[in-house]
Amino acid sequence: MRRLRLAGILVGLLVTTLALLPVQLFAMRFRPKLAARVPMWWQRVAARLLGLKVRIEGAPATDRPLLLVSNHVSWVDIVTLGSLLPVSFIAKSEVGGWPVVKWLARLQRSVFIDRTRRTATASANSAIAARLAADEALVLFAEGTTGDGVAVLPFRSALVGAARDAGGADTPILVQPVAIVYLGFQGLPIGRLRMSEIAWHGDMDLAPHLVGLIDIGAIDAVVAFGTPIVFGPDSDRKAVTARAEAEVRALVRSVRARGLRNVPVTTASPDAAILSGAESG
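In structure tokens form, the structure reads like this:
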């Protein structure tokens, strides 16, 4: 059954990729707004195949440009958040060298950054600023790495500073804190001992972790959108980052405190009005 399920998921993703690939290649060249939406359709199929169910709390900001600043638990975060609204991700440069993943990341229109080279910071900031200035929504996993699924690591402020360049002389941009929390497997709460089955960190290999997650078959997650922070030309990036970090920590605590009790869990698709607003920018 394990092999059949894995084969079914791979076939499903392959068929979806082949169907959407020509659409995305065309959109990336001629229709930028459509190119932002096509990956969302792919992520929704991936979420359904993985058994991923997402409860949405709050709402994504409808104004653009928008930088979503989130905690980072696992590679699953890409599917969890990417299935909800049209976004592109700010990814570390290593992802650009992973087989298959690098190809999918480019189709997702990810912005690759090299955190190990100071000389690459300026070009990364320029790329991020250009995308934000085009009224797009970008996701920054501000911890700079994945955590253990329980604690939120300190946020890094360097890349948040790119938002200032996108705002221009008079136009501020929005930085919205986002908390991603995984609460249950097959409708049962996840304890600390099982958190490593969803959290992907340290020296974990991707393939075994992926197979283990497929075996679970059903994952309950929450994406909580916080209060947008206006980031103007005169704003202090460290202060904005600290404020976003504090809110993400508070959202994670709140979600965990309430857990799965008496709260309906819906499939990974936001309310139509929320999505419409998120795409209107």
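Residues in the sequence shown are numbered consecutively from 156, following the numbering used here. Note that CB positions come from ideal geometry on N, CA and C, so glycine has one too.
Item: In the DSSP assignment, the beta strand (DSSP E) including S310 goes from what residue to what residue?; Value: With the sequence shown as reference, residue 310 is identified as Phe, and Ser is not the correct amino acid for it. Run containing F310: none; DSSP gives neither H nor E here.
Item: Count the other C-beta atoms from every protein chain shown that fall within 10 angstroms of the C-beta of G346, then say buried if there are 16 or more, exposed otherwise.; Value: exposed
Item: Would you mind stating whether G387 and P344 have Cβ atoms separated by less than 8 Å?; Value: no
Item: Taking the alpha carbon of L462 as the point to measure from, which residue in T217, W197, V224 has its own alpha carbon closest?; Value: Nothing can be reported for residue 462: it is not among the residues displayed for the chain, which extend from 156 to 436.
Item: Which residues share a DSSP beta bridge with E212?; Value: A379
Item: Pick helix, strand or coil for P388, following the three-state DSSP scheme.; Value: coil
Item: Distance, Cα to Cα, F340 vs S238?; Value: 19 Å
Item: Below 8 Å between beta carbons: does that hold for G381 and V410?; Value: no
Item: Just the C-alpha distance for G302 and W355, rounded to the nearest angstrom, thanks.; Value: 7 Å
Item: Just how far apart, CA to CA, sit A284 and P220?; Value: 10 Å
Item: Can you check which of these residues, Q263, K208, V305, is closest to L293 by C-alpha distance?; Value: Q263
Item: Distance, Cα to Cα, D290 vs R158?; Value: 43 Å
Item: What residues match up with I233 in a beta bridge as DSSP calls it?; Value: BP columns for I233 are empty, so no partner.
Item: What number of angstroms, rounded off, separates the C-alpha of I268 from the C-alpha of A399?; Value: 21 Å
Item: Can you list, in chain order, the residues of its chain with a C-beta nearer than 6 Å to that of D232? Leave out the 5 residues immediately preceding and following it.; Value: I335
Item: Rounded to whole angstroms, what's the CA-CA distance from H227 to R311? Just pull it up for me.; Value: 12 Å
Item: Taking the alpha carbon of P187 as the reference point, which residue from T326, V378, V307, R286 has its own alpha carbon closest?; Value: R286
Item: Using the Cβ count rule (16 or more neighbours within 10 Å means buried), how would you classify V209?; Value: buried
Item: Please report how far the alpha carbon of A397 lies from the alpha carbon of V234, in whole angstroms.; Value: 26 Å
Item: Tell me which residue opens and which closes the alpha helix (DSSP H) that V242 is part of.; Value: No alpha helix (DSSP H) holds V242; DSSP gives it neither H nor E.
Item: Look at the alpha carbon of E298 and the alpha carbon of V307, and state the distance between them as a whole number of angstroms.; Value: 8 Å
Item: Hey, would you say G372 sits closer than 8 Å to G206, going by beta carbons?; Value: yes
Item: Buried or exposed: where does R408 fall if 16 or more other Cβ atoms within 10 Å of its Cβ makes it buried?; Value: exposed
Item: Would you mind giving the Cβ-Cβ distance between S265 and A246, rounded to the nearest angstrom? I have them listed as a contact below 8 Å.; Value: 4 Å
Item: In whole angstroms, what separates the C-alpha of D375 from that of L169?; Value: 24 Å
Item: So what does DSSP say about G372, is it helix, strand or coil?; Value: coil
Item: Need the endpoints of the beta strand (DSSP E) that V294 sits in, please.; Value: 292-296
Item: Three-state secondary structure (DSSP) at P220?; Value: coil
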